[in-house]
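Participant: Submitted below is the structure of interest, expressed as structure tokens.
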Amino acid sequence: FPDWPCDAFVKDAAKIAIDADVNQYARPGGHLRLVREVAKHYTTSLARPVPIEPTTEVAIGVGASEIMYSAMMGLVNPGDEVILIEPAFDIYASQVQMAGGVCVFVPLTFNESTSQFELDLPAMEAAFTSKTRVLVVNSPHNPTGTVFPKQDLEQLASVVKWCVPTLSHVEYRVDLVAAPLQEAVATMLKKAVRPFESFSSYYAYLGDKYLKKRDWLAAALTALGIPVVLAQGGTFLFADVSRVAVPASYLDDGNTPKDYAFCRWLTIEKQVTTIPTSAFYSHTNKANGHCFVRFAYCKSDVSLALAIERLQSIQLLE
Numbered sequence: 157f158p159d160w161p162c163d164a165f166v167k168d169a170a171k172i173a174i175d176a177d178v179n180q181y182a183r184p185g186g187h188l189r190l191v192r193e194v195a196k197h198y199t200t201s202l203a204r205p206v207p208i209e210p211t212t213e214v215a216i217g218v219g220a221s222e223i224m225y226s227a228m229m230g231l232v233n234p235g236d237e238v239i240l241i242e243p244a245f246d247i248y249a250s251q252v253q254m255a256g257g258v259c260v261f262v263p264l265t266f267n268e269s270t271s272q273f274e275l276d277l278p279a280m281e282a283a284f285t286s287k288t289r290v291l292v293v294n295s296p297h298n299p300t301g302t303v304f305p306k307q308d309l310e311q312l313a314s315v316v317k318w319c320v321p322t323l324s325h326v327e328y329r330v331d332l333v334a335a336p337l338q339e340a341v342a343t344m345l346k347k348a349v350r351p352f353e354s355f356s357s358y359y360a361y362l363g364d365k366y367l368k369k370r371d372w373l374a375a376a377l378t379a380l381g382i383p384v385v386l387a388q389g390g391t392f393l394f395a396d397v398s399r400v401a402v403p404a405s406y407l408d409d410g411n412t413p414k415d416y417a418f419c420r421w422l423t424i425e426k427q428v429t430t431i432p433t434s435a436f437y438s439h440t441n442k443a444n445g446h447c448f449v450r451f452a453y454c455k456s457d458v459s460l461a462l463a464i465e466r467l468q469s470i471q472l473l474e
């Protein structure tokens with residue numbers, strides 16, 4: 157999604173690894189230097205009193221999707237139930253089904269007073285049965301960007317009662333890569349925690365960069381009369397387009413959901429593409445997403461400025 161070049165230290169680490177002829181297979185669980193850096197990073201960031209053991213508690217895969225797939229195939233047997241929080245990234249349900257499992261969907265609730273999505277803890281508790289095998293939780297949540305409060309996660313943990321594996325992944329892709337460049341990524345991770353561009357670390361620099369882009373896009377949409385859900389993490393922004401005037405020809409006499417109609421209209425007429433959020437819901441709960449679309453703000457300032465300029469002609473319903 158980002159449309160700007162990689163930072164120099166990332167390219168340099170890759171070049172050094174290539175020039176050093178680090179071209180052999182890594183150990184199945186991941187290159188030792190890389191798993192040690194991952195363990196060190198998360199021991200610190202999670203304030204673990206007992207350090208994470210790199211050779212037994214860390215595994216490297218080809219991206220979060222492959223890691224999730226491997227976990228589902230290893231944990232889920234035919235007929236087992238997997239609880240998914242909706243809206244949910246669209247690969248999760250497919251992975252459960254490929255393992256022979258049954259998806260149990262629990263929608264987030266939308267708090268209009270805070271303009272944020274929240275866990276429905278009573279519904280979560282009611283979703284657990286004797287067949288429940290896995291609960292998938294990610295915070296920041298994908299796709300809303302919601303960061304769940306600690307007290308909610310603690311209450312959810314008390315419901316799980318250690319009887320269900322919980323799969324959780326963070327929306328940083330830097331720690332999940334293919335074997336040949338694992339040496340390079342180990343170097344990148346080590347450098348990423350050092351001061352960068354007047355910030356305490358590369359992570360702090362990147363967080364500030366995304367925060368400014370989020371607020372810029374959010375302010376532009378709000379000025380147009382389009383309410384937004386401020387993402388607390390990630391690189392996407394939900395926007396409520398229920399009051400946007402979309403030409404009737406795109407609504408197909410009411411047979412096309414508003415989010416899909418808006419996205420198609422915006423792409424064709426304004427050359428700005430967003431994602432209809434009902435795509436992240438199961439058939440039963442799809443209506444929950446019909447008023448929202450998702451914008452990506454992980455774009456260059458030039459791209460964001462151009463998109464905002466093209467959005468200026470949007471009109472609201474009377």
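Just so we're aligned, residue 157 is where the sequence shown starts under the numbering used here, counting upward by one. Don't be surprised by glycine CBs; every beta carbon is placed ideally from N, CA and C.
Which same chain residues end up closer than 6 Å to residue 349 when comparing Cβ atoms and leaving out the 5 residues on each side of it in sequence?
Facilitator: 357
Participant: With the cut-off set at 8 Å, would you say residue 370 and residue 453 are in Cβ contact?
Facilitator: yes
Participant: Decide if residue 374 is buried, meaning its Cβ has at least 16 other Cβ atoms within 10 Å, or exposed.
Facilitator: buried
Participant: DSSP on residue 263, reduced to helix/strand/coil?
Facilitator: strand
Participant: On the criterion of 16 or more Cβ atoms from any shown chain inside 10 Å, does residue 424 qualify as buried, or is it exposed?
Facilitator: exposed
Participant: Cutting at 8 Å between CB atoms, please list the residues of its own chain near residue 209, excluding the five before and the five after it.
Facilitator: 195
Participant: Helix, strand or coil for residue 394 per DSSP?
Facilitator: Reduced to three states, the DSSP call for residue 394 is strand.
Participant: Answer yes if the region 166 to 175 comes into contact with the region 191 to 205, meaning at least three C-beta pairs across the two stretches below 8 Å, and no otherwise.
Facilitator: no
Participant: For residue 464, which of helix, strand or coil comes out of DSSP?
Facilitator: helix
Participant: Select from 339, 158, 268 the residue whose C-alpha is nearest the C-alpha of residue 192.
Facilitator: 339
Participant: For residue 331 and residue 162, I'd like the C-alpha separation in whole angstroms.
Facilitator: Note on residue 331: pLDDT 39, under 50, position unreliable in the model; no value is reported.
Participant: Do residue 232 and residue 280 come within 8 Å of each other at the CB atom, strictly closer than that value?
Facilitator: no
Participant: At a cut of 8 Å, does the region 393 to 400 reach the region 437 to 453 through at least three beta carbon pairs?
Facilitator: The region 393 to 400 is in contact with the region 437 to 453.
Participant: Any Cβ of chain C within less than 8 Å of the Cβ of residue 360?
Facilitator: Here chain C cannot be found, since the structure has a single protein chain.
Participant: For residue 241, does the three-state DSSP call read helix, strand or coil?
Facilitator: strand
Participant: Answer with buried or exposed for residue 243, where buried requires no fewer than 16 other C-beta atoms within 10 angstroms of its C-beta.
Facilitator: buried
Participant: Count the C-beta pairs between the region 303 to 311 and the region 263 to 283 that are closer than 8 Å, then say yes if the count reaches three, no if not.
Facilitator: yes
Participant: With C-beta atoms as the reference, is residue 157 less than 8 Å away from residue 430?
Facilitator: no
Participant: Evaluate the contact criterion for the region 406 to 419 versus the region 454 to 468: three or more CB pairs, one atom per stretch, below 8 Å.
Facilitator: no
Participant: Taking residue 165 as part of the alpha helix (DSSP H), name the residues at either end of that continuous run.
Facilitator: 164 to 175
Participant: Are the region 432 to 440 and the region 415 to 423 touching, with three or more C-beta to C-beta distances below 8 Å?
Facilitator: yes
Participant: By DSSP's criteria, residue 432 is part of a beta bridge. Which residues make up the other side?
Facilitator: 449
Participant: Excluding the five sequence neighbours on either side, which residues of its own chain have a C-beta within less than 8 Å of the C-beta of residue 359, listed in chain order?
Facilitator: Cβ within range, chain order: 348, 349.
Participant: Is DSSP giving residue 331 helix, strand or coil here?
Facilitator: Here the model assigns residue 331 a pLDDT of 39, short of 50, so the residue's position is not dependable, and the following value carries that caveat. If DSSP states are grouped into helix, strand and coil, residue 331 belongs with coil.
Participant: Quick check: the Cα distance between residue 190 and residue 269, rounded to an integer number of angstroms?
Facilitator: One Cα belongs to residue 190, the other to residue 269, and the distance between them is close to 44 Å.
Participant: With distance defined between alpha-carbon atoms, name the residue in 437, 456, 285 nearest to residue 368.
Facilitator: 456
Participant: May I ask which residues mark the beginning and end of the beta strand (DSSP E) holding residue 274?
Facilitator: 272 to 274
Participant: According to DSSP, simplified to helix, strand and coil, what is residue 285?
Facilitator: In the three-state reduction of the DSSP assignment, residue 285 falls in the coil class, being assigned neither a helical nor a strand state.
Participant: Rounded to whole angstroms, what is the Cα-Cα separation between residue 445 and residue 383?
Facilitator: 14 Å
Participant: Between residue 230 and residue 471, what straight-line distance do the alpha-carbon atoms span, to the nearest angstrom?
Facilitator: Whole-angstrom Cα-Cα distance: 50 Å.
Participant: For residue 219 and residue 226, which I take to be in contact (beta-carbon distance under 8 Å), what is that distance rounded to the nearest angstrom?
Facilitator: Contact between residue 219 and residue 226 does not hold, since their C-beta atoms are separated by about 11 Å, which reaches or exceeds 8 Å.
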